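Numbering (my numbering), first residue to last: 3 to 145.
Glycine included, each C-beta is placed from N, C-alpha and C at the ideal position.
Keep in mind that this is a model prediction, so the values were computed, not measured.
Here the structure is laid out as structure tokens; the discussion comes afterwards.
Below, the structure is given as structure tokens:
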């Protein structure tokens, strides 16, 4: 999660919401991403999506079976869907996203052709603090 937090900090320095993600296969990072929708003018440029794209290129396959995605914030519905399509084995996230977080969707058994193991709250205070500070500075006009 330390690497994901570093990626989130990099996003914040660029004025993006501080979210960082990485995909790990066999103990090795194969994809990294940090939020970039503003910079890239791309609403799909979430940290998770960028990390998945890079991991798929590195693996030479859009199926990322056996991998773990670490992310500083609970994934949204779009990113949760991408995790299912990529066949990610495990999701580890930091801060909970009470409004649009979709980790519960990944735990469901009925109607889905894949199930993701989910661990939430890992380094949650550190991850939440990044987000709180970012939005505090934005409201104050210093970000």
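Quiz item: Can you tell me whether residue 36 is buried or exposed, with buried defined as 16 or more other CB within 10 angstroms of its CB?
Solution: Your numbering for residue 36 matches position 34 in the chain shown. Buried: at least 16 other Cβ atoms inside 10 Å.
Quiz item: Would you call the segment 81 to 96 and the segment 117 to 135 in contact, with 3 or more CB pairs under 8 Å?
Solution: yes
Self-check item: Distance, residue 69 Cα to residue 27 Cα
Solution: By one-based count along the chain shown, residue 27 stands at place 25. By one-based count along the chain shown, residue 69 stands at place 67. Computed Cα separation, rounded: 5 Å.
Exercise. Give the straight-line distance between the Cα atoms of residue 143 and residue 133, rounded to the nearest whole angstrom.
Key: Looking up residue 143 in the chain shown gives position 141. Looking up residue 133 in the chain shown gives position 131. Each residue's alpha carbon lies about 15 Å from the other.
Quiz item: Going by alpha carbons, who is nearest to residue 100 out of 85, 78, 119?
Solution: As a position in the chain shown, residue 100 is number 98, starting the count at 1. Ranking the options by Cα distance to residue 100, first place goes to 78.
Self-check item: Where residue 121 sits in the DSSP three-state scheme
Solution: Here residue 121 is taken as the residue at index 119 of the chain shown, counted from 1. Strand.
Quiz item: Under a three-way DSSP split, which group does residue 36 fall into?
Solution: Taking the chain shown and counting its residues from 1, the one referred to as residue 36 is at position 34. It is a strand residue.
Self-check item: Alpha-carbon to alpha-carbon, residue 141 and residue 25
Solution: Here residue 25 is taken as the residue at index 23 of the chain shown, counted from 1. Here residue 141 is taken as the residue at index 139 of the chain shown, counted from 1. Going by the C-alpha atoms only, they are around 32 Å apart.
Quiz item: For the candidate residues 85, 123, 124, whose alpha-carbon lies nearest to that of residue 115?
Solution: Locating residue 115 in the chain shown gives position 113, where the first residue counts as 1. When only C-alpha atoms are compared, the closest one is 85.
Quiz prompt | CA-to-CA distance, residue 46 to residue 38, given in whole angstroms | solution = For the purposes of this step, residue 38 is identified with residue 36 of the chain shown, where counting begins at 1. For the purposes of this step, residue 46 is identified with residue 44 of the chain shown, where counting begins at 1. Near 9 Å, if we compare the C-alpha coordinates of residue 46 and residue 38.
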